[in-house]
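Comments concern the structure below.
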Amino acid sequence: MKIQALGPLTGASGEREKGDIFEVKKEYGEGLIARGYAVEIKDESASAEKPAKAPAPAKE
């Protein structure tokens, strides 16, 4: 799961600064989120990285 640190974190994930986005095991991430140390980042990379194609011009 991908999470973002809400403050400095030190532990199994290493040393992370506020705002860092990183991958962790689901159980570990859920624990950090439950304690208010992180928020989950939804993976929207497919839609965010590829701009929508412009419609093809109409043929007359």
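The letter at position 5 of the sequence shown is residue 7 when you use the numbering used here, and the numbering goes up by one with no holes. Heads up, the beta-carbon is just placed ideally off N, CA and C, and yes, glycines get one too. Keep in mind that this is a model prediction, so the values were computed, not measured.
Burial state of Ala40, where buried means 16 or more other Cβ atoms lie within 10 Å: Taking the first residue of the sequence shown as 1, we reach residue 40 at position 38. Burial call: buried.
Candidates Glu25, Gly33 and Gly13, of which the one nearest Lys44 by Cα: The residue given as residue 44 occupies position 42 in the sequence shown. It is Glu25 whose Cα lies nearest to the Cα of Lys44.
Identified DSSP bridge partners for Leu11: Walking along the sequence shown from the start, residue 11 turns up at place 9. Answer is Arg18, bridged to Leu11.
Cβ-Cβ separation, Ala7 to Arg18 (assumed contact under 8 Å), whole Å: Indexing the sequence shown from 1 puts residue 18 at position 16. Indexing the sequence shown from 1 puts residue 7 at position 5. 5 Å between Cβ atoms; contact.
Ile5, buried or exposed, once every other Cβ within 10 Å from all chains shown has been counted against 16: Start at 1 with the first residue of the sequence shown, and residue 5 comes out as number 3. By the 10 Å Cβ count, Ile5 comes out buried.
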